[in-house]
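K.L.:
Residues in the sequence shown are numbered from 1 upward in steps of one, following full-length UniProt numbering.
Got a structure for you, questions after.
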Amino acid sequence: MLEYAFCTDKLVPTICHVCTEPHQARSTLSVNSPTILLIRRLSPHIMTLESDAVAGATIELLEARLRRLTYLLTGATDWTGVPTTPEKPTSLDETVSRRLARLESELERLSRSVPAVRDVLQLHTGMPTIHANSSTQTIPYNPILTHTQLDDRSPDLFRTTPPHEIPEGLTTQTLASIVLSYATAFPETASRLTSLNDLPVPDAQSSAALIELQPQLDRLAQKQSEQAAEISELRVRTARVLQRWYDVGLVGSGECWAEWEGRLEDVEREVRRKEVIRQGREEEA
1 MLEYAFCTDK
11 LVPTICHVCT
21 EPHQARSTLS
31 VNSPTILLIR
41 RLSPHIMTLE
51 SDAVAGATIE
61 LLEARLRRLT
71 YLLTGATDWT
81 GVPTTPEKPT
91 SLDETVSRRL
101 ARLESELERL
111 SRSVPAVRDV
121 LQLHTGMPTI
131 HANSSTQTIP
141 YNPILTHTQL
151 DDRSPDLFRT
161 TPPHEIPEGL
171 TTQTLASIVL
181 SYATAFPETA
191 SRLTSLNDLP
201 VPDAQSSAAL
211 IELQPQLDRL
221 AQKQSEQAAE
231 ISELRVRTAR
241 VLQRWYDVGL
251 VGSGECWAEW
261 EGRLEDVERE
271 VRRKEVIRQG
281 REEEA
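So, in structure tokens, the structure goes:
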């Protein structure tokens, strides 16, 4: 059982969770006191609230990590910067795991067929400190390594210099040539910034009028979608009417004419038979 005591005019355990320091109980309450019974009744509710808060924070952190992974995999965001949800793969071959497996198989095939790729992978796995000017670490060559494994084995290989730092391995002439290669972009950027500054700002009333038109545009879009659905239904009904006309008007009429033609042939044969009988009787008479 947990022993409670008074500390800073509050009912706290002997190990105070308010001050996060141990305190001596000045007046220990009895187990059957009303205060202890009230605390026992309220403890499950407090624990439930704390559990809900912890679960909500955990879910929020997991959602943030999921959005980050989504951006790393797709690289697509909406206008607010929130990563867009990737579309569901239409088949098993379009999943991320299968795509990564295909990339690894293609990398293995390239490493076997192209010597340059094999040399780069061997350099990446065999010289992890090539840019650190330290001793070379020998690692067994493996043509297929994931990006995380390569970063763990060779953290300094192909290391990019931050934009605010000057590369140590480049001379002054090389740096000057790099800067001068972008000299033509400076006037172009300045002219673009000037043109942006010269752009007139739309009138507030015009912008407000356009914003007021948004509900009307939404209603028109809804009406257009309803008309599109009605037109689609009319097309289906038209197709059914045409099929009915074809079955009844064309096929049925053809069957009716065929039946009439057969009946006429039967009547014609009966008339000819009776004429032959009549002619035979006349000849006998």
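We put the beta carbon where it would ideally sit given N, CA and C, even for glycine.
Going residue by residue through the segment 47 to 119, where are the continuous beta strand (DSSP E) segments of at least 3 residues, counting only ones entirely within it?
P.N.:
none
K.L.:
For glycine 280, which of helix, strand or coil comes out of DSSP?
P.N.:
helix
K.L.:
Quick check on glycine 169: buried or exposed, where buried means 16 or more other Cβ atoms within 10 Å of its Cβ?
P.N.:
exposed
K.L.:
Using the Cβ count rule (16 or more neighbours within 10 Å means buried), how would you classify threonine 125?
P.N.:
Label assigned to threonine 125: buried.
K.L.:
How is histidine 124 classed by DSSP in three states: helix, strand or coil?
P.N.:
helix
K.L.:
Suppose you measure from the CA of leucine 110 to the CA of aspartate 119; what does that come to, to the nearest Å?
P.N.:
11 Å
K.L.:
Whole angstroms are fine: how far does the CA of glutamate 108 sit from the CA of leucine 72?
P.N.:
23 Å
K.L.:
Using 8 Å as the threshold, is the C-beta distance between threonine 77 and proline 86 below it?
P.N.:
no
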